[in-house]
Amino acid sequence: MKEVKIDINIHSYSYEELDATDKMLIDAAIEATNRSYAPYSNFAVGAAALLENGKVVTGTNQENAAYPSGTCAERTTLFYANSEYPDQPVVTLAVAAKSPSGFLDRPIPPCGACRQVLMEVEQRYKRPMRIMLYSKNEIYVMYGTRNLLPLSFASDYME
Ligand code: THU
């Protein structure tokens with residue numbers, strides 16, 4: 007038996023430490039939370055994607071009375087970005103979330119289904135995606151989805 011260790015790297019920044027583009031993207035994700043439709047969870051999530059051509063697209067979680075029919079902010083944003091700009095790689099995705107008591111004090115972790123979608127978007131465009139997860143106290147920055155979803159399943163396993 008041998009133990010297999012897989013390292014992931016997360017950089018923790020304060021908002022003030024971010025450069026102007028990253029601040030703008032975090033601001034866009036924060037602002038997007040106001041457009042969330044979350045009457046069931048009251049948990050408002052916003053995401054903002056910076057595309058290679060410089061465009062920023064945002065999205066939010068959209069819930070439904072038939073609960074599984076809703077979707078997370080990350081997937082809303084990436085599917086919209088890929089639908090509207092299919093030739094544009096996603097350079098950075100920023101995510102912010104607030105509960106009824108305000109923005110989180112720990113970085114918002116994307117759910118497993120969103121991690122899988124992030125990874126496929128990255129593979130599709132063959133470039134690592136930066137991921138920024140906002141909280142009031144610190145912002146996690148990751149270079150590539152492998153830091154969110156190690157040992158991931160992708161289409162190359164089926165070849
Ligand atoms: N949600 C997101 O939109 N993104 C996340 O990263 C975590 C969870 C949404 C799904 C649902 O509308 C609500 O937050 C509560 O789970």
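If you're matching positions, the sequence shown starts at 7 in my numbering and goes up one per residue.
Ideal Cβ positions, reconstructed from N, Cα and C, are used throughout, including at glycine.
The residue among Ile-32, Val-10 and Ile-12 with its C-alpha nearest the C-alpha of Ile-145 is Ile-32.
Between ligand 1 and the CB of Phe-49, the shortest heavy atom gap is smaller than 7 Å. The C-alpha of Gly-108 lies about 12 Å from the C-alpha of Asn-40. Contact between Met-148 and Asn-15 holds: their C-beta atoms lie close to 7 Å from each other, under 8 Å. When secondary structure is reduced to three states using DSSP, Gln-122 falls in the helix class.
In the three-state scheme derived from DSSP, where H, G and I count as helix and E and B as strand, Met-138 is classed as strand. Only exposed fits Tyr-163, as fewer than 16 other CB atoms lie within 10 angstroms of its CB.
The Cβ atoms of Thr-98 and Met-135 lie closer than 8 Å to each other. Comparing alpha-carbon positions, the option among Ala-50, Val-96 and Lys-11 lying closest to Met-138 turns out to be Val-96.
For Asn-67, the shortest C-beta to heavy atom distance toward ligand 1 is below 7 Å. For Leu-84, the enclosing alpha helix (DSSP H) begins and ends at 79–90. The alpha-carbon separation between Glu-90 and Val-123 amounts to approximately 17 Å.
Leaving aside the five residues that flank Gln-68 on each side, the residues in its chain whose CB is nearer than 7 Å to its CB run, in chain order, Tyr-43, Gly-76, Thr-77 and Thr-82. Glu-37 and Lys-104 have their C-alpha atoms roughly 11 Å apart.
The secondary-structure analysis by DSSP pairs Tyr-146 across a beta bridge with Ser-18 and Leu-139.
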